[in-house]
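J.: In our numbering, the protein residues as written are -19 to 458.
Have a look at this one:
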């Protein structure tokens, strides 16, 4: 007999697990559907560059684009405010943008920012070019270090037009062949970027040859940029649905409502930014050279030598990343060598004065002050030169005083000193002098207790004479 309550058929009991399995499958499908939008909601990467374009900013942007691509970010926004910078660093950034596997937008922001010189090239290279209100771009004329007075060549003036006689000569004529080559190369480069992105190539070339500039609204009207946006959120909303070409493939941007995240520079990039500063590089060079000079002239525990070597290597590392005028570097080394010579062998200030003049001239020539953000301030040069000159004068004066002091040790100090005869044994005479017992000889006979004065020193034997034989003898020390 079947017990009470066992009324469920066996077939029904076998079908019972299937509803539970279906519920589990539905949960898994729901998790997969939830995971897909989470993967797609990777925030937009924002890179912030608020300084001159140099090795540190180039490394920051190149690595930032790589990190954003590895994280699956839909877009990189470079927030830019720069007076310009180095050509090599600018080209590294542009190559990274052109070869990026994801769209890159350059946004000149915040309000009051500028994308001058190298910043204009970077803006033209971006897939999306944007500016905040009250910002500017342009003045993209290259400045080559070591080329004095290089100016961009202006367009040739047509003959026979009305008003040509009243128009002043163009202030942007090239002064030499090397300057003209740099101008033509830069003009061709930015024209190629403009043609690649479908932007105003004519104005881009004028920015190089005539150093013209535009505001944000003017740039939008001229077809130089794509959008004017106050901040990143507005930028993402305005470029939503825009089609850009990334690595020969068209891509439609879906950026509305996306979150964005700032990627700050890492410790390596912050250190590189400090070292690659021309002012800091010059200070490192000075500390390094003087540390080695001090270590070689006054050997000690090696602290000065080790510190000097580290600073000198860091300074040389910075110089190889910066556009250096080697004539200026040679003048700096010569100036420091002359000032070091003044310390070792005082020459009445001739070495010190010449060293200061050479140092100031070299520091002025070392970096081109026309390159935005890469000139050494004149105040720092004067401060370093004045501090070094003061150190040389003080140390040189101390060295001269030390030379004028009487000798207080060695054989020279014994000449003229007075002692007392302590023992006489035939021709052997012993004298007590400075608390020491010396073997002595004299032309006149001496007796114990007789005061004597040293005339000369021959090895370990003193040549003495009775103290009364010469005036001006120093009192005996026993």
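Where is the CB? At the ideal position from N, CA and C, for every residue including glycine.
Taking 8 Å as the cut-off, decide whether the C-beta atoms of residue 368 and residue 319 are in contact.
T.: Contact: yes.
J.: Compare the beta carbon distance of residue 269 and residue 200 with 8 Å and say whether it is the shorter of the two.
T.: No, the pair does not count as a contact, with Cβ atoms beyond the cut-off.
J.: Tell me, please, which residues DSSP counts as bridged to residue 398.
T.: In DSSP, residue 398 forms a bridge with 433.
J.: Please list the terminal residues of the continuous alpha helix (DSSP H) segment that includes residue 203.
T.: Element bounds for residue 203: n/a, residue is neither H nor E.
J.: Kindly indicate which residue of 68, 435, 263, 190 has the alpha-carbon position closest to the one of residue 296.
T.: The shortest Cα separation from residue 296 among 68, 435, 263, 190 belongs to 263.
J.: Which runs of the beta strand (DSSP E) fall wholly inside the region 18 to 77 and span at least 3 residues, in chain order?
T.: Fully enclosed beta strand (DSSP E) runs of 3 or longer: 24 to 29, 56 to 60.
J.: Exposed or buried, which one is residue 257 when buried takes at least 16 other CB atoms within 10 Å?
T.: Classification for residue 257: buried.
J.: Would you list the one or two residues that DSSP bridges to residue 108?
T.: DSSP output for residue 108 lists 85 as bridge partner(s).
J.: According to the neighbour-count rule (16 or more other Cβ atoms, all chains shown, within 10 Å of its Cβ), is residue 245 buried or exposed?
T.: Buried: at least 16 other Cβ atoms inside 10 Å.
J.: First and last residue of the alpha helix (DSSP H) that includes residue 213?
T.: 212 to 218 is the span of the alpha helix (DSSP H), which, as asked, contains residue 213.
J.: With a CB to CB cut of under 6 Å and the five nearest residues on each side skipped, what residues in its chain are close to residue 95?
T.: Cβ within range, chain order: 60, 88, 103, 117.
J.: Looking only at its own chain, which residues have a Cβ that is under 7 Å from the Cβ of residue 35, when we skip the five neighbours before and after it?
T.: Excluding residues within five positions, the ones whose Cβ falls inside 7 Å are 69, 252, 256, 301.
J.: Could you tell me if the beta carbon of residue 172 falls within a distance shorter than 7 Å of some heavy atom in the ligand COA?
T.: The ligand COA is not part of the structure shown, which contains no ligands of any sort.
J.: Distance check for residue 325 and residue 74, CA to CA, integer angstroms please.
T.: Taking the straight line joining both Cα atoms gives about 54 Å.
J.: I'd like to know whether the C-beta atoms of residue 224 and residue 108 end up nearer to each other than 8 Å.
T.: Yes, the Cβ-Cβ distance between residue 224 and residue 108 is below 8 Å.
J.: Rounded to a whole number of angstroms, what is the C-alpha to C-alpha distance between residue 27 and residue 181?
T.: Answer to the nearest angstrom: the Cα atoms are 27 Å apart.
J.: Figure out for me which residue from 260, 323, 335 has the closest Cα to the Cα of residue 273.
T.: Among 260, 323, 335, the Cα nearest to that of residue 273 belongs to 323.
J.: Along the chain, where does the beta strand (DSSP E) that runs through residue 409 open and close?
T.: Segment 408 to 413, the beta strand (DSSP E) holding residue 409.
J.: Of the residues 216, 218, 186, 211, which one's Cα is nearest the Cα of residue 204?
T.: For the residues 216, 218, 186, 211, the minimum Cα distance to residue 204 belongs to 186.
J.: Relative to the alpha-carbon of residue 372, which residue among 417, 310, 321, 293 has its alpha-carbon at the smallest distance?
T.: Nearest of 417, 310, 321, 293 to residue 372, Cα basis: 321.
J.: Below 8 Å on the Cβ atoms is my contact criterion, and I expect residue 303 with residue 78 to pass it. Report the Cβ-Cβ distance as a whole number of Å.
T.: Actually they do not touch by this definition, with Cβ atoms about 23 Å apart.
J.: How is the alpha helix (DSSP H) around residue 185 delimited, first residue to last?
T.: First-last of the alpha helix (DSSP H) with residue 185: 181 to 189.
J.: Under a CB-based cut-off of 8 Å, is residue 361 close to chain B?
T.: Absent here is chain B; the protein component of the structure consists of one chain.
J.: Is it right to say residue 428 is buried, meaning 16 or more other beta carbons lie within 10 angstroms of its own, or is it exposed?
T.: Exposed: under 16 other Cβ atoms inside 10 Å.
J.: To the nearest angstrom, how far is it from the Cα of residue 38 to the Cα of residue 333?
T.: Taking the straight line joining both Cα atoms gives about 41 Å.
J.: For a minimum of 4 consecutive residues, which ranges assigned as the alpha helix (DSSP H) are wholly contained in the region 286 to 368?
T.: Whole alpha helix (DSSP H) segments, 4+ residues: 306 to 324, 330 to 346.
J.: Distance, Cα to Cα, residue 113 vs residue 343?
T.: Answer to the nearest angstrom: the Cα atoms are 39 Å apart.
J.: Just verifying my parser: in three-state terms, what is the DSSP assignment at residue 263?
T.: In this structure, residue 263 counts as helix in the three-state DSSP scheme.
J.: Pick helix, strand or coil for residue 91, following the three-state DSSP scheme.
T.: Note: residue 91 maps to coil in three-state DSSP.
J.: Go through its chain and collect everything with a Cβ distance to residue 198's Cβ below 6 Å, but skip five positions before and after it.
T.: The answer is none, since no qualifying residue turns up.
J.: Taking 6 Å as the limit between beta carbons, can you name the residues of its chain near residue 216, skipping five residues before and five after?
T.: Only 235, 238 meet the Cβ criterion.
J.: Name the two residues that bound the continuous beta strand (DSSP E) containing residue 421.
T.: That run of the beta strand (DSSP E) goes 416 to 422.
J.: If residue 284 sits next to residue 271, beta carbons under 8 Å apart, how far is it from one beta carbon to the other, in whole angstroms?
T.: Contact flag correct, Cβ pair sits at about 5 Å.
J.: Can you pull the DSSP bridge partners for residue 223?
T.: For residue 223, which the question treats as bridged, DSSP gives the partners 232.
J.: Comparing alpha-carbon positions, which option in 41, 119, 175 lies nearest residue 250?
T.: Checked all of 41, 119, 175; the closest Cα to residue 250 is 41.
J.: What is the DSSP secondary structure of residue 175, counted as helix, strand or coil?
T.: Helix.
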